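In the numbering used here, the protein residues as written are 228 to 379.
All C-beta atoms, glycine included, are put in the ideal place defined by N, C-alpha and C.
Predicted model only: the values in this text are computed from it and were never measured.
A quick write-up on the structure given underneath.
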């Protein structure tokens, strides 16, 4: 079986996840804990790491079952075919979220400098420093088409 990527309605990821699991469909939505501030209180909440996406592991022949779930919009396609995600990539994502603390040491970086990330979900990826601050560095990972901000 393959992992496919579902696109969901906004802020419906966790509800779609629950409904898919109720139908005995193997589904995964990576979540992170955030502290949200309201005018009268702070609260720790789980929010999806990747907005509007849920991963499902399902046979190619049974892919249409997911549309029985309210909140599912469509499958994500890449080059005209449904986007597939390997078990290795899903496991790497799960493992990276288990790491509760990532220690980052930044010394004498300058904008435009090339660096290789040696820990976390982007391990062994090379990028270019595009922004520096007292508390964070933003790195462009050209291979992935991403900007990654690392707090320290």
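Once you ignore the five residues that flank residue i on each side, which residues in its own chain have a CB closer than 7 Å to its CB?
i, result
"residue 258", "273, 274, 275, 276"
"residue 239", "298"
"residue 286", "228"
"residue 279", "234, 235, 237, 240"
"residue 317", "230, 255, 282"
Let's test the definition: count the other Cβ atoms within 10 Å of the Cβ of residue i and tell me whether it reaches 16, buried, or not, exposed.
i, result
"residue 353", "exposed"
"residue 376", "exposed"
"residue 254", "buried"
"residue 282", "buried"
"residue 231", "buried"
"residue 306", "exposed"
"residue 374", "exposed"
Using the C-alpha atoms, what's the distance from residue j back to residue i?
i, j, result
"residue 312", "residue 267", "42 Å"
"residue 350", "residue 293", "33 Å"
"residue 296", "residue 337", "49 Å"
"residue 308", "residue 369", "23 Å"
"residue 371", "residue 271", "30 Å"
"residue 262", "residue 335", "31 Å"
"residue 284", "residue 325", "21 Å"
"residue 302", "residue 367", "27 Å"
"residue 314", "residue 320", "10 Å"
Return the residue from the list the options that minimises the CA-CA distance to residue i.
i, options, result
"residue 359", "370, 307, 350, 340", "340"
"residue 300", "243, 371, 229, 361", "243"
"residue 344", "305, 365, 231", "365"
"residue 362", "286, 372, 378, 373", "378"
"residue 235", "287, 263, 246", "246"
"residue 289", "310, 320, 260, 252", "252"
What I want to know is whether the C-beta of residue i ends up closer than 7 Å to one or more non-hydrogen atoms of the ligand SAM.
i, result
"residue 315", "With respect to the ligand SAM, the structure offers nothing, as it holds no ligand at all."
For residue i, which residues of its own chain have a beta-carbon under 6 Å away from its beta-carbon, when the five flanking residues on both sides are left out?
i, result
"residue 249", "none"
"residue 256", "240, 244, 275, 281"
Provide the residue(s) that pair with residue i in DSSP beta bridges, ordered along the chain.
i, result
"residue 358", "365"
"residue 272", "261"
"residue 253", "284"
By Cβ distance below 8 Å, which residues in the same chain neighbour residue i in space, the five residues on each side in sequence not counted?
i, result
"residue 310", "231, 232, 302, 303, 304"
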